[in-house]
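Written out below as structure tokens is the structure these notes cover.
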Amino acid sequence: MILLDGRSPSRGGAPLIDGFKRRISYLRLSVTDRCDLRCSYCMPERMTFLPKREVLTLEELFDLASGFIDRGVTKIRITGGEPLVRRDIMDLFAALGRRLGTGLEELTLTTNATQLAGHAEALAEAGVRRVNISLDTLDRAKFAELTRRDALPQVMEGIAAARAAGLKVKLNAVALKGVNEDELPDLISWAHAQGHEVTLIEVMPLGDVEEERLDQYLPLNTVRARLEQRWTLVDNDASTGGPARYVDIAETGGRLGFITPHSNNFCASCNRLRVTATGQLYPCLGGSERVDLRAALRSGAPQEELARAFEQAMTIKPEKHLFRMDERGAAPHLARHMSMTGG
Ligand code: SAM
Ligand code: SF4
9 MILLDGRSPS RGGAPLIDGF KRRISYLRLS VTDRCDLRCS YCMPERMTFL
59 PKREVLTLEE LFDLASGFID RGVTKIRITG GEPLVRRDIM DLFAALGRRL
109 GTGLEELTLT TNATQLAGHA EALAEAGVRR VNISLDTLDR AKFAELTRRD
159 ALPQVMEGIA AARAAGLKVK LNAVALKGVN EDELPDLISW AHAQGHEVTL
209 IEVMPLGDVE EERLDQYLPL NTVRARLEQR WTLVDNDAST GGPARYVDIA
259 ETGGRLGFIT PHSNNFCASC NRLRVTATGQ LYPCLGGSER VDLRAALRSG
309 APQEELARAF EQAMTIKPEK HLFRMDERGA APHLARHMSM TGG
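Going by the working numbering, the first residue of the sequence shown is number 9, and it counts up by one from there.
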């Protein structure tokens, strides 16, 4: 709290609109590339993490986020790596929470929930209302195999603590061939019984994970067809402006989202930018275009340099991404891991 107290918001500015007339209102801000799990589709066991000096300080993260809010960003999702492993991260949540109502409308996070039990109350106090929790299996042994850590009990505690603190929980599960594919209906039934929405995600070829990507890839149209044999799926046109397509499941009474990055179906309305923990702005998760915001922040004229960097980002945001997932043994589409860009 001490670090960020008294930091004042920067000046306002024109909204951020890219070359395809998409207005940017959503920032995904990664606060660390580190993590206490090692999900096999996300990173290898022996992952090399960044030296701490390369990572933005909490003050820099706050100033950056404020700069985006002043340019029309209304929603910020804190991500990583695992955001809750970063020391003093609650100071950033508290400081950004004070910007709710002054341009910022929603502050949220994506977490693996291993440390959520200890932070749920403080997050709610900071003004967080919803959390996305990544959970691919309810089977402890499978969880331990998939994440290479035996942490399912802590995750379940984290989910319970989030509910107790009044946070709305959405679960994200990556659909993985031969790993959790048979279990997805149980995961969905359980989540819906608890009142949690679920979103399924297709695995993306980001970063070398020492496993064959094609062996992990389970297209969601296959999953949907299987679910339709069991349940009545009713298309729901509710759009969050995000990449998911939703259905309501008549039998469970819950909502299910599908994120299918391989079909590009959400690029036309993409309103988001991603910033890594080192301050690299990636206007597209599937692209390598980037702008160095850390250099701007650490320059002699940060306000001016940031404004210039934002303008540059608007000119390089691509119309859409293209992931290839059809070639066995292929190099990753991008060398960058998802834990770098933030999910
Ligand atoms: N550690 C936090 C978590 O797991 O929720 C936040 C960061 S994590 C990189 C964000 C999301 O990215 C998670 O839901 C994770 O399942 C997903 N993810 C990681 N690598 C992925 C990949 N190669 N393809 C698809 N989703 C991936
Ligand atoms: Fe960590 Fe999240 Fe990546 Fe899993 S998906 S290794 S929890 S950053």
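Ideal placement from N, C-alpha and C gives every residue a C-beta, glycine not left out. In this text, all values refer to a predicted model and were calculated from it rather than measured experimentally.
Asked	Found
For A304 and A317, which I take to be in contact (beta-carbon distance under 8 Å), what is that distance rounded to the nearest angstrom?	4 Å
Tell me whether the region 191-206 and the region 145-153 touch, counting them as touching only if at least three CB pairs, one residue from each stretch, are closer than 8 Å.	yes
Quick check on this structure: which residue in R232, E165 and P326 has the alpha carbon closest to the alpha carbon of T122?	E165
For the region 59-89, list the alpha helix (DSSP H) runs that are entirely contained and at least 4 residues long, ordered along the chain.	66-78
Identify every residue that forms a DSSP beta bridge with E53.	DSSP, once it has assigned bridges, lists no residue as partnering E53.
I need the straight-line Cα distance from E372 to A159, nearest angstrom please.	No information on residue 372 is available, as it lies outside the stretch 9 to 351 that the chain covers here.
Within a Cβ cutoff of 7 Å, which residues of the same chain sit near T155, ignoring the five residues on either side of it in sequence?	L45, R46 and C47
Out of A199, C50, L115 and T230, which has the shortest C-alpha to C-alpha gap to R344?	C50
If you compare alpha carbons, which of L264, R85 and E62 is closest to T118?	R85
Taking Cβ positions, are F274 and L228 nearer each other than 8 Å?	no
Rounded to whole angstroms, what's the CA-CA distance from S197 to H270? Just pull it up for me.	26 Å
Please classify E133: does DSSP put it in a helix, a strand, or coil?	helix
If we count Cβ pairs, one from each stretch, closer than 8 Å, do we get three or more for the region 286-304 versus the region 88-105?	no
Inspect the CB distances between the region 217-234 and the region 172-180 and report whether three or more fall short of 8 Å.	no
List the endpoints of the continuous beta strand (DSSP E) containing D243.	L241 to N244
Please name the residue or residues paired with I257 in a DSSP beta bridge.	L241 and G262
Between E205 and R282, which are expected to be in contact by the criterion C-beta below 8 Å, what is the C-beta distance as a whole number of angstroms?	E205 to R282, Cβ: 22 Å. No contact.
Let me check understanding here. Comparing Cα to Cα, which of L179, A183 and I324 lies closest to E210?	A183
Could you check if R31 is buried or exposed, using at least 16 other CB atoms within 10 Å of its CB as the buried criterion?	exposed
To the nearest angstrom, report how far apart I77 and A321 are at their CA atoms.	16 Å
With 16 other CB atoms within 10 Å as the buried threshold, where does I10 fall?	Bear in mind that a pLDDT of 44 at I10, under 50, signals an unreliable position, so the model cannot answer this.
So, helix, strand or coil for D300, using DSSP?	strand
Please output, in chain order, the residues near the ligand SF4 using a CB cut-off of less than 7 Å to any non-hydrogen atom of the ligand.	C43, L45, R46, C47, C50, M51, G88, G89, E90, N120, S142, T155, M346, S347 and G351
Rounding to the nearest angstrom, what Cα-Cα distance links R54 and Q224 in this structure?	19 Å
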